[in-house]
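Residue numbers (our numbering): -4 to 341. Below is one structure, written out as structure tokens; comments come after it.
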Amino acid sequence: MTSLTIRRPVDLHVHFRDGAVLRQVVPYTARQFARAIVMPNLVPPVTTAKMAADYRSRILAAVPEGQDFVPMMTCYLTDHTDPADLVAGYRDGIFVAAKLYPAHATTNAQHGVSSIDRLDPVFAAMSEHGIPLLTHGELVGPHVDIFDREKLFIDQVLIPVLERFPQLRLVMEHITTQEGAEFVASRGANVAATITPQHLLYNRNALFEGGLRPHLYCLPVLKRARHQVALRAAATSGSAHYFLGTDTAPHVKRLKEADCGCAGVFSAPVAVEAYLKVFDEDGALDRFEAFASLNGPAFYGFAPSETRVTYSKAPHVVEASIAVENDEIIPLFGGTSVDWTLQQQL
Ligand code: DOR
Ligand code: ZN
-4 MTSLTIRRPV DLHVHFRDGA VLRQVVPYTA RQFARAIVMP NLVPPVTTAK
46 MAADYRSRIL AAVPEGQDFV PMMTCYLTDH TDPADLVAGY RDGIFVAAKL
96 YPAHATTNAQ HGVSSIDRLD PVFAAMSEHG IPLLTHGELV GPHVDIFDRE
146 KLFIDQVLIP VLERFPQLRL VMEHITTQEG AEFVASRGAN VAATITPQHL
196 LYNRNALFEG GLRPHLYCLP VLKRARHQVA LRAAATSGSA HYFLGTDTAP
246 HVKRLKEADC GCAGVFSAPV AVEAYLKVFD EDGALDRFEA FASLNGPAFY
296 GFAPSETRVT YSKAPHVVEA SIAVENDEII PLFGGTSVDW TLQQQL
């Protein structure tokens, strides 16, 4: 296949940050995606409908003229989230979902939830009103091995929560393990997962290939090859349990190439091309539209894009870096050639 025409994809998991970084990165997502679910881990986190509405305005101001793009906002859950506020923000069309960060699990998760059991009143309201719960699915603690975090989160948090709230709509964000893929597949249509391009393209060897590779460091961290194989099988299966969510997470180079570097892969400039590489290699291009453009909208309950886009198998070189103030952000595949290129929008 030398070209592929599909409905405009949707990115169900992005980080835009704020200020100068936001203004630089939003156009990359808006160029390729009809919509995106925007994560709320700003400083301070987006915990109220007012904060989310203001943040949405700043995002829309950064969308290039004439570009159709809909940011969809999420609420950052804390130990103090008021279920009534969350429900009101959802009913008012400001929040589409709420994000659960276990405290200290990742970037700006210090305000996250310290005791998930105590969130039952919030989960009850979310279950009743059909508000999706998006999880950063890692159990963290001083004695938890970083490679076991996801499985322990499934066993110790997700299974009990779903036992208490079986109707809860739940997206396990950025799954990284075979156990994650199997867990969502074993549940009903109310449970789904996003999968990032880096977890499909790489396994943990890539983090150390010829030296330490900080631009491939993200959380949850890359896992061993058998997990990568399982994730590729899941994504390319066409199953409605899995959909595109890049977790594009820009950090400036100074903070990535540091003594204690930040987690995140900035994939927005080349996101669709990166996934296409995987689907092409695995002979699954006929199932790409389901993963990229249909399954996510079906789960969240909005219509897939009516716009069609064509990607051609024609190489282009990805920008090596993107200037931000006095620093730069290094994209996935920066400075190298990728096989697929966005051609036209109909
Ligand atoms: O690698 C990551 N970066 N994982 C996350 O969970 C958060 C994200 C970020 O915001 O930088
Ligand atoms: Zn994320």
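C-beta: ideal position from N, C-alpha, C; glycine also. For clarity, every value in this text was computed on a predicted model and none was experimentally measured.
Return yes when at least one heavy atom of the ligand ZN lies under 8 Å from the C-beta of Asp242, else no.
Here residue 242 is taken as the residue at index 247 of the sequence shown, counted from 1. It does: the Cβ of Asp242 is within 8 Å (strictly closer) of some heavy atom of the ligand ZN.
Assuming the contact rule is C-beta atoms closer than 8 Å, Phe28 and Val21 should be a hit. Round their C-beta distance to whole Å, please.
Translated into positions along the sequence shown, residue 28 becomes position 33. Translated into positions along the sequence shown, residue 21 becomes position 26. Not quite, the Cβ-Cβ distance comes to about 11 Å (not below 8 Å), so this is no contact.
Straight-line Cα distance separating Ala47 from Pro209:
Indexing the sequence shown from 1 puts residue 209 at position 214. Indexing the sequence shown from 1 puts residue 47 at position 52. Near 31 Å, if we compare the C-alpha coordinates of Ala47 and Pro209.
Taking only three categories from DSSP, how would you classify Asp322?
Reading the sequence shown from its first residue, position 327 is the one you call residue 322. Three-state result, Asp322: strand.
Run the CB neighbour count on Thr302, radius 10 Å, all protein chains shown included, and call it buried at 16 or more, exposed below.
Residue numbering aside, residue 302 sits at position 307 when the sequence shown is read from its first letter. Result: exposed.
Which first and last residues belong to the alpha helix (DSSP H) in which Met46 is found?
Translated into positions along the sequence shown, residue 46 becomes position 51. First-last of the alpha helix (DSSP H) with Met46: 44 to 56.
Given that a residue counts as buried once 16 or more other Cβ atoms are within 10 Å of its Cβ, and exposed if not, what is Ala188?
Numbered from its first residue, the sequence shown carries residue 188 at position 193. Classification for Ala188: buried.
Please list, in chain order, all residues of the same chain as Arg219 whose beta carbon is under 7 Å from its beta carbon, the five residues on each side excluded.
On the sequence shown, residue 219 is found 224 positions in, with the first residue counted as 1. Taken in chain order, the residues that qualify are Asn198, Arg199.
Three-way DSSP call (helix, strand, coil) for Met67 in this model:
Taking the first residue of the sequence shown as position 1, residue 67 is located at position 72. Met67: strand per DSSP, three-state reduction.
Express the C-alpha separation of Asp115 and Pro137 in angstroms, rounding to a whole number.
Counted from its first residue, the sequence shown places residue 137 at position 142. Counted from its first residue, the sequence shown places residue 115 at position 120. Looking at the two C-alpha atoms, the distance is approximately 25 Å.
Proximity of Ser307 and Ser288 at Cβ, strictly below 9 Å:
Taking the sequence shown and counting its residues from 1, the one referred to as residue 307 is at position 312. Taking the sequence shown and counting its residues from 1, the one referred to as residue 288 is at position 293. Their beta carbons are not under 9 Å apart, which means Ser307 does not touch Ser288 by this criterion.
Min CB distance Leu337 to chain B below 9 Å
Included in the structure is just one protein chain, with no chain B present.
For Tyr50, I'd like the list of residues in its chain whose CB is within less than 6 Å of its CB, leaving aside the five on either flank, ordered along the chain.
In the sequence shown, counting from the first residue as 1, residue 50 sits at position 55. Only Val41 meet the Cβ criterion.
Count the other CB atoms within 10 Å of the CB of Gly259; is the residue buried (16 or more) or exposed (fewer)?
As a working mapping, residue 259 is identified with position 264 in the sequence shown. Buried, since its Cβ has 16 or more Cβ neighbours within 10 Å.
Beta strand (DSSP E) runs wholly inside the region 93 to 181, at least 3 long, in chain order
128 to 131, 165 to 168
Hey, could you find the ends of the beta strand (DSSP E) Leu226 is sitting in?
Residue numbering aside, residue 226 sits at position 231 when the sequence shown is read from its first letter. Looking at the DSSP string, Leu226 is not in any beta strand (DSSP E); the run it does join, the alpha helix (DSSP H), is 220 to 230.
Determine the direct distance from the alpha carbon of Gly278 to that of Ala83, and round the result to whole angstroms.
As a first step, residue 83 must be located in the sequence shown, where it is residue number 88. As a first step, residue 278 must be located in the sequence shown, where it is residue number 283. Between Ala83 and Gly278, the C-alpha separation is close to 45 Å.
Cα separation between Ala309 and Leu337?
One-based indexing of the sequence shown puts residue 309 at position 314. One-based indexing of the sequence shown puts residue 337 at position 342. Going from the Cα of Ala309 to the Cα of Leu337 covers about 9 Å.
How many whole angstroms separate the CB atoms of Glu284 and Ile1, which I take to be in contact at a CB cut-off of 8 Å?
Reading the sequence shown from its first residue, position 289 is the one you call residue 284. Reading the sequence shown from its first residue, position 6 is the one you call residue 1. Contact flag correct, Cβ pair sits at about 4 Å.
Which of the three DSSP states is assigned to Tyr85 in this structure?
For this step, residue 85 is matched to residue 90 along the sequence shown. Helix, per DSSP.
Grouping DSSP H, G and I as helix and E and B as strand, with all else coil, what is Thr336?
For the purposes of this step, residue 336 is identified with residue 341 of the sequence shown, where counting begins at 1. It is a strand residue.
Tell me the DSSP secondary structure of Tyr197 in three-state form.
Position 202 of the sequence shown holds residue 197. Coil, per DSSP.
For Tyr237: DSSP bridge partner residues
Numbered from 1 along the sequence shown, position 242 holds the residue referred to as residue 237. DSSP lists Ala188 as partners of Tyr237.
Where does the unbroken beta strand (DSSP E) through Tyr306 begin, and where does it stop?
Counted from its first residue, the sequence shown places residue 306 at position 311. 303 to 307 is the extent of the beta strand (DSSP E) around Tyr306.
Inspect the CB distances between the region 243 to 253 and the region 219 to 235 and report whether three or more fall short of 8 Å.
no
Taking 8 Å as the line, does the beta carbon of His311 fall inside it for any heavy atom of the ligand DOR?
What you label residue 311 is simply residue 316 of the sequence shown in a count that begins at 1. His311: no, Cβ never under 8 Å from the ligand DOR.
Specify the secondary structure class of Phe90 as computed by DSSP and reduced to three states.
Numbered from its first residue, the sequence shown carries residue 90 at position 95. Reduced to three states, the DSSP call for Phe90 is strand.
Closer than 8 Å by C-beta to Leu163: which residues in its own chain qualify, once you throw out the five before and the five after it? Chain order, please.
Translated into the one-based positions of the sequence shown, residue 163 becomes position 168. So the list reads Phe118, Met121, Ser122, Leu128, Val156, Leu157, Asn185, once near-sequence residues are dropped.
Mark Phe203 as exposed unless 16 or more other C-beta atoms lie within 10 angstroms of its C-beta, in which case mark it buried.
Working through the sequence shown from its first residue, we reach residue 203 at position 208. Its Cβ having fewer than 16 others within 10 Å, Phe203 is exposed.
Tell me which same chain residues have a C-beta within less than 8 Å of the C-beta of Arg113, skipping the five on either side of it?
Within the sequence shown, residue 113 is the residue found at index 118, counting from 1. Contacts found: Asp74.
When the Cα atoms are used, what is the spatial distance from Thr92 to Arg144?
The sequence position of residue 92 within the sequence shown is 97, counting from 1. The sequence position of residue 144 within the sequence shown is 149, counting from 1. The sequence shown places Ala at residue 92, not Thr. Each residue's alpha carbon lies about 23 Å from the other.
Residues that Leu207 bridges to, as DSSP identifies them
For the purposes of this step, residue 207 is taken as residue 212 along the sequence shown, with counting starting at 1. The partner list for Leu207 (beta bridge, DSSP) is empty, contrary to what the question assumes.
Applying the 10 Å Cβ sphere with the 16-neighbour rule, what's the burial state of Leu327?
Locating residue 327 in the sequence shown gives position 332, where the first residue counts as 1. That one is buried.
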